[in-house]
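Below: one structure, written as structure tokens.
Numbering (mature numbering (1 follows the signal peptide of the UniProt record, and there is no 0)), first residue to last: -24 to -1, 1 to 257.
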């Protein structure tokens, strides 16, 4: 009886291990760029044009100094145009709808015509530290402010406050999905789901320094911690650390993901480089 019980317990443990491995995600480095960027805060994948955009702060993250710029880079890490769009302040998160690239630039939203590289600027009333950008299927643009905690909505050339919650102080990464708007709080690392009726629920917690959010599967998300960590948050809200580069003094800022090639792109901020990882299951 004892022998059979031991065998049964072993079988159960084996099945649990197999199930865990089947759902586990891992990161394998593909390449790392040279240190040619200047405080890269965000990477965005333009699948249509087969290019990456990199937002370079080139200075302090909260200064309106006009030194910031956007780079164009190939998916293999080769710089196409280092200073494609210039004259920005401290550009951070980006998003695309149709032929426009939208950039968070402290107190303004920059709309860039992708074909010409021409920028137009919209000041956002009350904004202090606009940080991340996402777009929905209708073309609405959502921009977080990590100093006020607000999420702004930009549509038809006008910006307005879309959501604010007194208990959430430092909204950072935002991601529009069909079912909801997801976002992460920088201070706590709490990960939230805000459905389109504006009902809020907490999905889970990654780590303090919550920055970028990408979807990597059904109810699975990768969230970066600016301090140098990357987490997978599964459908139960459980967070599993996939990467830790703190000892190398490399940050993990606003990431993006190419679902076709299963590649995660990580800007290293003070590391002045971009790293690409294959997401494997």
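The beta-carbon is built from N, C-alpha and C at its ideal position, and this holds for glycine as well. What you are looking at is a predicted structure, and each value in this text was computed from that prediction instead of being measured.
DSSP state of residue 167 mapped onto helix, strand, coil: Strand, per DSSP.
Return the chain-ordered list of same chain residues with a C-beta closer than 6 Å to the C-beta of residue 162, the five sequence neighbours on each side being excluded. So the list reads 122, 146, 148, 186, once near-sequence residues are dropped.
Would you call the segment 125 to 144 and the segment 52 to 65 in contact, with 3 or more CB pairs under 8 Å? Output reads no: the segment 52 to 65 does not touch the segment 125 to 144.
Check whether the Cβ atoms of residue 226 and residue 193 sit closer than 7 Å, and answer yes or no. For residue 226 and residue 193, no; Cβs fall outside 7 Å.
Pick helix, strand or coil for residue 93, following the three-state DSSP scheme. Residue 93: coil per DSSP, three-state reduction.
With 16 as the cutoff for other CB atoms within 10 Å, does residue 252 come out buried or exposed? Burial call: buried.
Leaving out five residues before and five after residue 188 in sequence, what residues of the same chain have Cβ atoms less than 6 Å from its Cβ? So the list reads 149, 200, 230, 231, once near-sequence residues are dropped.
Keeping to the same chain, check which residues put their C-beta closer than 6 Å to that of residue 27; ignore five residues upstream and five downstream. Result list for residue 27: 48, in chain order.
For residue 158 versus residue 115, is the C-beta spacing smaller than 7 Å? No, Cβ-Cβ distance for residue 158 and residue 115 is not below 7 Å.
Burial state of residue 70 (16 or more Cβ within 10 Å): Under this definition residue 70 is a buried residue.
Please work out which residues of its chain come closer than 8 Å, Cβ to Cβ, to residue -8, disregarding the five sequence neighbours upstream and downstream, and give them in chain order. Here residue -8 scores only 37 on pLDDT, less than 50, and its place in the model should not be relied on; the value that follows carries that caveat. Excluding positions up to five away in sequence, the list is empty.
Under 8 Å by Cβ, that's how I've got residue 25 and residue 45 pegged, so tell me the actual separation to the nearest angstrom. Incorrect: roughly 18 Å between the Cβ atoms, too far for contact.
If residue 206 sits next to residue 218, beta carbons under 8 Å apart, how far is it from one beta carbon to the other, in whole angstroms? Approximately 5 Å separates the beta-carbon atoms of residue 206 and residue 218; this is inside 8 Å, confirming the contact.
With 16 other Cβ atoms within 10 Å as the buried cut-off, status of residue 34: The residue in question, residue 34, is buried, as its Cβ has 16 or more Cβ neighbours within 10 Å.
Quick check on DSSP: helix, strand or coil for residue 45? DSSP, read as helix, strand or coil, puts residue 45 in strand.
Keeping to the same chain, check which residues put their C-beta closer than 7 Å to that of residue 238; ignore five residues upstream and five downstream. Cβ neighbours of residue 238 beyond the five flanking positions: 254, 255.
Among 19, 51, 156, 195, whose alpha-carbon lies nearest the alpha-carbon of residue 212? For residue 212, the nearest C-alpha among the options comes from 195.
Are the segment 241 to 251 and the segment 81 to 91 touching by the rule of at least three beta carbon pairs closer than 8 Å? Cβ pair count under 8 Å is below three, so no.
Where does the unbroken beta strand (DSSP E) through residue 153 begin, and where does it stop? Where residue 153 is concerned, there is no enclosing beta strand (DSSP E), given that its DSSP letter is neither H nor E.
Assign residue 107 to one of two classes, buried (16 or more other C-beta atoms within 10 Å of its C-beta) or exposed (fewer than that). Taking a 10 Å sphere around the C-beta of residue 107, we find 16 or more other C-beta atoms and assign the residue as buried.
Can you tell me which of 42, 37, 54 puts its alpha carbon nearest to the alpha carbon of residue 61? Closest option to residue 61, Cα to Cα, is 42.
Please name the residue, chosen from 184, 156, 181, that lies closest to residue 173 on a Cα-to-Cα basis. Selected option, being the one with the closest Cα: 156.
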